[in-house]
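In our numbering, each residue's number is its place in the sequence shown (first place is 1) plus 11. Structure record follows, encoded as structure tokens.
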Amino acid sequence: MEENLLNELFGLADEDYRRFSAALLPDAEPLIGVRLPVMRRIARRIAGQDWRRFMARTDCHYFEERMLQAMVLGYAKADADELLAHISAFVPRISNWSVCDSFCSGLKLARRHRDCLWDFLQSYLSSCEEYEVRFGVVMLLDYYIDEAYIDRVLQKLDRIRHEAYYAQMAVAWALSVCYIRFPERTLAYLKVSGLDDFTYRKALQKIIESHRVERREKEMIRSLKRRRVQSQD
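See the structure below:
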């Protein structure tokens, strides 16, 4: 299966796309250059075959092989406990933001078992590993920023302490989505947050850059940044 799959992937390679992706993913495994819609079609096919054997592979050399594993778990048919076991095994293999974010967006299990997944995610939010933290945060972003969970999400985001770039940027991204969906509650939180300065500034920046935030709100958000600086003088 592995050799045939690699031959197929190389046959689908797009060199321009490979160069473009490589510039965005400097820390990723070597790239073949297969576009994501094509990857999703292959992942659906694998999910209908012997997907458990495919997920057991730990010797993936190319980015696309790892991305396919991330996608397959979103399409695989199994009970919640088995899928959670496979998710637990896969998360430590995540080594770049693209695989992490695609993995999270495809895990529709979270929509059917939200309470169970919430408990499952807690250890990742306090992890020492950059991409384990990002996994936990992006899962909150994708599935839990709603009326039932917004207050708990803000509390969890405030407690994350990790100095790695992609963990911090995930928190900033999540907070910008919190603001877009729940501006009053998120604003109240931002005024008293315990975030580190980098994450705080990036959260405000992402809110300001959003096309879904009105101009007058953006000016108010800018004032929070100035207030934070003044409080440190």
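We treat Cβ as the ideally placed atom computed from N, Cα and C, and that holds for glycine.
Grab me the residues of residue i's own chain with a C-beta within less than 8 Å of its C-beta, minus the 5 sequence neighbours each way, in chain order.
i	result
Phe21	Ile43
Ala185	Val148, Val149, Leu151, Leu152, Ile156, Val164 and Leu168
His124	Ala91
List the whole-angstrom C-beta distance separating residue i from residue j, where the pair is believed to meet the contact cut-off of C-beta under 8 Å.
i	j	result
Tyr155	Arg122	About 11 Å separates the two Cβ atoms, so there is no contact after all.
Leu79	Leu120	Rounded, the Cβ-Cβ distance is 18 Å, inconsistent with contact.
Cys127	Ala91	6 Å
Arg196	Asp162	7 Å
Ala183	Lys229	Actually they do not touch by this definition, with Cβ atoms about 16 Å apart.
Pro41	Phe74	7 Å
His23	Val49	Going by the sequence as given, residue 23 is Leu instead of His. The Cβ separation is near 6 Å, so the contact holds.
Ile191	Arg223	5 Å
Arg77	Arg104	7 Å
Looking at residue i: is its Cβ nearer than 8 Å to the Cβ of residue j?
i	j	result
Val102	Tyr135	yes
Ala175	Glu141	yes
Val164	Asp112	no
Asp27	Arg46	no
Ala178	Arg212	no
Ile219	Arg239	no
When the Cα of residue i is compared with those of the options, which residue comes out closest?
i	options	result
Ala39	Cys71, Leu120 and Ala24	Cys71
Asn107	Lys202, Ala34 and Ile53	Ala34
Leu132	Val110, Gly117 and Leu151	Leu151
Gly205	His222, Glu228, Met50 and His173	His173
Lys236	Lys88, Ser221, Thr210 and Arg68	Thr210
Trp129	Leu198, Thr69 and Lys167	Lys167
Ala58	Thr69, Asp207 and Gly117	Gly117
Asp207	Met180, Arg56 and Trp62	Met180
Gln60	Phe31, Lys88 and Leu201	Lys88
Ala199	Glu225, Met231 and Arg56	Met231
Please return the same chain residues whose Cβ sits closer than 7 Å to the Cβ of residue i, not counting the five positions on each side in sequence.
i	result
Ala54	Leu79, Met82, Val83 and Tyr86
Glu19	none
His97	Met66 and Leu84
Ser221	Ser187 and Ile191
Spatial neighbours of residue i within its chain, please: C-beta separation below 6 Å, excluding the five flanking residues on both sides.
i	result
Ser138	Val144
Val110	Arg77, Met78 and Ala81
Should residue i be counted as a contact of the ligand MG given a C-beta to heavy atom distance under 7 Å?
i	result
Arg172	No copy of the ligand MG occurs in the structure displayed, which carries no ligand at all.
Every unbroken alpha helix (DSSP H) within the stretch 107-166, with a cutoff of 4 residues, ordered by chain: Positions of the alpha helix (DSSP H) runs, each at least 4 residues long and wholly inside the stretch 107-166, are given as 108-117, 120-123, 125-136 and 141-154 in order along the chain.
Minimum length 4: unbroken alpha helix (DSSP H) runs contained in the stretch 12-98: Qualifying alpha helix (DSSP H) stretches, in chain order: 13-22, 26-35, 47-58, 62-66 and 74-86.
Any alpha helix (DSSP H) of 4 or more consecutive residues that is wholly inside the stretch 174-241: With a minimum length of 4 residues, the continuous alpha helix (DSSP H) runs that stay inside the stretch 174-241 are 176-192, 194-201 and 208-220.
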